[in-house]
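Taking it in order: structure first as structure tokens, then the write-up.
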Amino acid sequence: MEVNIAKIALISLYDNWALGVRTLSNALFCHGHNVVVVHFKLPIQKCLDDFLNQPTGYENLQSKQSHSEFMLMGYNMDVNMWTHNEAELLGDLLLDLNVDIVGITTRTLYEKYLSPIIDQIQKSTLAIKLAGGFGASLNPGFYMDRFDYVCIGEGEQSIVKMAEYIDKGLKDNIRQIPNLAYKLSGQEFFNSMEEPDYTEDYFYNEHMDKIPHYVIENNIIGKTDVFINYVRKVDPFYAGLSNYYTMVGRGCMWRCSFCAGGQFYKLYRDKGVPFKRRRNREIEKVIAELRLAKEHGFTRIYLMDSFLIGEESYLLDFFDLYKKEVNLPFFAQLFPNQVINNPKILEAAVEAGMAITVVGIQSGSERIRNKVYNRKSTDESIIKFSDMISGYRNVFLEYHIITHNPLETIEDIKEGFELLDKLPKNNAQLTLQRLRPFPGSAINDLIQQANPDNVDDEFHHKIFMLYLIRYHISGVEFDNIFINLDKYTHIDLKNIYIELRQKYKNSADWAREGWEYYHKGKYVEALEAFNSAIESDPSNYRALSGRGWTYRQTNKYSDALSDLKNAIKFIPQTEHNALQEAWRGLGWVSFCKNDHDAAIDAFNNSMVFCNVSERIVLQDVLRGLGWSYYYKKNFTESIDYFNRSIENIDSDNEDIMRDALNGLSLVKQAIKKRNFT
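According to our numbering, the sequence shown is numbered sequentially starting from 7.
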């Protein structure tokens with residue numbers, strides 16, 4: 007592909023997948039331009055000791071993660087602010103790249119802290135400086151004072167035209183490009199908006215691996231030329247998780263006051279420009295992208311659409327082809343009203359492999375949902391939608407609730423507690439997210455208009471804790487805590503929560519505790535925990551698998567065989583890790599019972615669900631096959647599997663390495679003996 011003159015650097019902040027920047031870079035690349043992507047700081051989460059006084063981003067808590075203690079998570083700037091040196095590295099990199107355009111995509115939450123980054127961008131004195139993204143689109147005035155141009159709305163067409171004018175030496179013509187705003191001689195100019203080209207899909211192109219990606223983190227600059235693999239190798243937040251992120255379409259049908267996802271529609275509507283609030287990509291292009299992700303070893307897909315919504319025929323065709331061509335567990339958020347009216351969509355999604363989804367409650371108060379959050383839903387629809395999803399045991403469900411809203415009354419909060427009580431809890435968790443009213447958001451304007459005096463942060467911290475407690479207990483015990491709320495600090499409530507979690511354990515809690523004991527080698531305690539889990543839920547495959555592994559360690563092979571076979575019956579086909587673990591356990595138990603044919607079958611089944619990047623698991627399966635074939639006197643297969651196992655064993659795993667080398671040695675001795683005789 008011929009490369010034109012224009013060279014462009016696109017910067018994203020705390021965004022590893024940077025889907026917006028990906029589409030821009032793909033658009034430029036497809037039109038022959040030289041483009042690089044700079045990831046300035048990677049997303050990161052860390053456990054906080056307590057609530058922050060003034061968080062810049064979200065703080066959230068997941069009940070599954072906080073199963074026995076309070077684990078509040080902070081993100082990005084709140085836990086890993088960039089350093090002066092990292093900012094300087096950005097400026098130095100841009101100078102070295104000698105680009106014609108420097109573009110940065112931002113959100114309004116960064117505006118207070120952007121000055122050092124803007125100063126570094128300004129070092130590229132000859133380059134055109136362009137700001138885009140939600141921040142620039144919703145609050146262009148801030149950026150017009152600091153950048154040559156601001157892109158409002160979608161930017162693929164605008165940035166491609168900008169590059170083309172640079173190619174032709176027509177920089178002055180850039181001022182005519184639609185969707186751009188700029189300041190000239192102190193006067194602000196806003197160009198007309200242009201309807202997006204709905205025929206183009208720049209989320210993916212088959213050559214996007216050729217776009218260089220730079221990563222500035224830990225005071226160094228990293229580089230990779232393979233986009234699809236860089237996260238797994240560089241990003242500590244997602245390393246080893248093998249999750250691939252993309253979107254099936256653009257836009258959102260809702261306009262929630264706390265979210266920017268549905269706000270672009272208004273930008274175009276106010277200019278009288280046609281704009282589709284939701285448009286889906288061609289199914290074949292999405293599937294082609296996901297096939298490539300699978301080929302690169304990704305084992306779970308995250309479809310990050312605010313809602314995966316579309317015509318019934320489109321969704322059914324998509325899920326059908328996904329099942330045939332991709333067949334990996336995936337996350338998606340379906341539109342509640344559409345699913346309630348057409349349950350076939352949910353059925354098709356689950357059949358295709360939907361393993362995780364979300365019910366966005368946001369507030370248990372219908373008043374807050376409808377009048378404050380602009381989220382039109384009823385308690386009845388939330389409960390019905392949740393019940394429908396809960397009917398599928400292989401789908402993990404998250405309930406999202408926003409806390410720390412100063413516009414909520416105590417009555418609103420009580421309604422939230424009552425709604426929590428009515429939701430199915432099986433295979434589900436509660437996610438609490440502290441409200442962060444970003445500048446430029448509708449919720450921020452509502453709060454400022456209400457001007458609530460003396461917001462009691464301690465009160466909201468306590469309500470946060472009460473949601474967590476109420477999710478697990480109800481009735482008199484909760485009522486006694488709530489009635490005496492004034493007597494407690496939120497620290498007191500943390501301690502109460504920890505005590506209650508020890509007192510009230512469900513099957514998932516017992517299974518989790520059993521595995522913790524197992525990994526510590528405390529097999530008696532592990533068995534007790536697994537027994538409690540199975541007594542509560544006989545189909546808990548994590549407990550059955552764990553008890554099977556524990557029986558194997560205590561030489562109770564018949565019991566182990568029974569448990570592992572039962573676990574496999576209950577494991578959803580989307581749960582690849584659970585399947586490989588149960589089949590692998592069955593392989594070793596069969597081997598210990600000298601049933602080497604059954605062991606080989608089980609290990610091969612485990613291999614189907616192995617992630618090649620999880621070398622500790624892969625070597626275990628390969629080593630098991632090596633030993634099984636050795637005892638069947640199939641030495642050719644045995645030596646191959648032992649060699650492959652050794653390739654995946656880390657040098658510090660001396661016992662495992664010794665076992666594999668011993669097996670390899672015995673095979674070679676057996677071959678020599680057979681040849682001699």
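Backbone N, C-alpha and C fix where the C-beta goes; we use that ideal spot for every residue, glycine too. Since the structure is predicted, the reported quantities are computational estimates derived from the model, not experimental observations.
Item	Value
Alpha-carbon to alpha-carbon, residue 42 and residue 230	10 Å
Cβ-based burial, residue 553 [other Cβ within 10 Å; buried from 16]	buried
Other residues of its chain near residue 177: CB distance less than 8 Å, five sequence neighbours each side excluded	134 and 171
Which listed residue (181, 448 and 472) has its alpha carbon closest to that of residue 487	472
Residue 505, buried or exposed, once every other Cβ within 10 Å from all chains shown has been counted against 16	exposed
Cβ distance (whole Å) where residue 188 is taken to contact residue 156 below 8 Å	7 Å
Cα-Cα separation between residue 207 and residue 50, rounded to whole angstroms	29 Å
Opening and closing residue of the beta strand (DSSP E) in which residue 252 lies	249-252
Residue span of the alpha helix (DSSP H) that contains residue 149, given as start and end	146-150
Rounded separation between residue 113 and residue 443 - CA only	12 Å
Cross-strand partners of residue 18 (DSSP beta bridge)	45 and 111
Cβ neighbour criterion (16 or more within 10 Å) applied to residue 22	buried
Sufficient close CB pairs (3 or more, under 8 Å) joining the segment 336-351 to the segment 555-563	no
Per-residue burial, residue 360 [other beta carbons within 10 Å of its own, 16 or more giving buried]	buried
Backbone CA spacing between residue 362 and residue 77 [nearest angstrom]	21 Å
Expected contact under 8 Å - CB spacing of residue 99 and residue 227 to nearest Å	6 Å
Where residue 245 falls, given that 16 or more other Cβ within 10 Å makes a residue buried	In this prediction, residue 245 scores a pLDDT of 45, lower than 50, which makes its location untrustworthy; the coordinate-derived value is nonetheless stated afterwards. The residue is exposed, with fewer than 16 neighbouring Cβ atoms inside 10 Å.
The segment 79-90 / the segment 514-522 touching (three or more Cβ pairs under 8 Å)	no
Opposing strand residues paired with residue 220 [DSSP bridges]	44 and 229
DSSP state of residue 406 mapped onto helix, strand, coil	strand
Cβ distance (whole Å) where residue 569 is taken to contact residue 550 below 8 Å	5 Å
DSSP beta-bridge partners of residue 135	108
For residue 156: DSSP bridge partner residues	137 and 187
Through-space distance from residue 492 to residue 107, alpha-carbon basis	57 Å
Sheet register partners of residue 365 (DSSP bridge)	405
Under 8 Å between C-beta atoms of residue 477 and residue 533	no
DSSP three-state assignment for residue 53, whether helix, strand or coil	strand
Which of helix, strand or coil DSSP assigns to residue 2	In the structure displayed, the chain extends from 7 to 683; residue 2 sits before or after that span and is not available.
Neighbourhood of residue 608 by C-beta distance below 7 Å, restricted to the same chain and skipping five residues each side	589, 592, 593 and 596
Residues bridged to residue 621 [DSSP beta-bridge criterion]	None, per the DSSP bridge assignment.
Among 184, 248, 131 and 83, nearest to residue 1 - alpha-carbon criterion	Outside the displayed range of the chain (7 to 683) lies residue 1, so it cannot be described from this structure.
Inter-residue CB distance, residue 109 and residue 190 (contact presumed, cutoff 8 Å)	Between residue 190 and residue 109 the Cβ distance is about 20 Å, and since that is not below 8 Å, they are no contact.
Cut-off 6 Å between Cβ atoms - residues of its own chain near residue 398, not counting five sequence neighbours on either side	356
Spatial neighbours of residue 11 in its chain, beta-carbon cut-off 6 Å, leaving aside the 5 residues before and after	173
Neighbourhood of residue 495 by C-beta, 8 Å cutoff - its chain only, sequence neighbours within 5 removed	464 and 468
Straight-line Cα distance separating residue 385 from residue 73	26 Å
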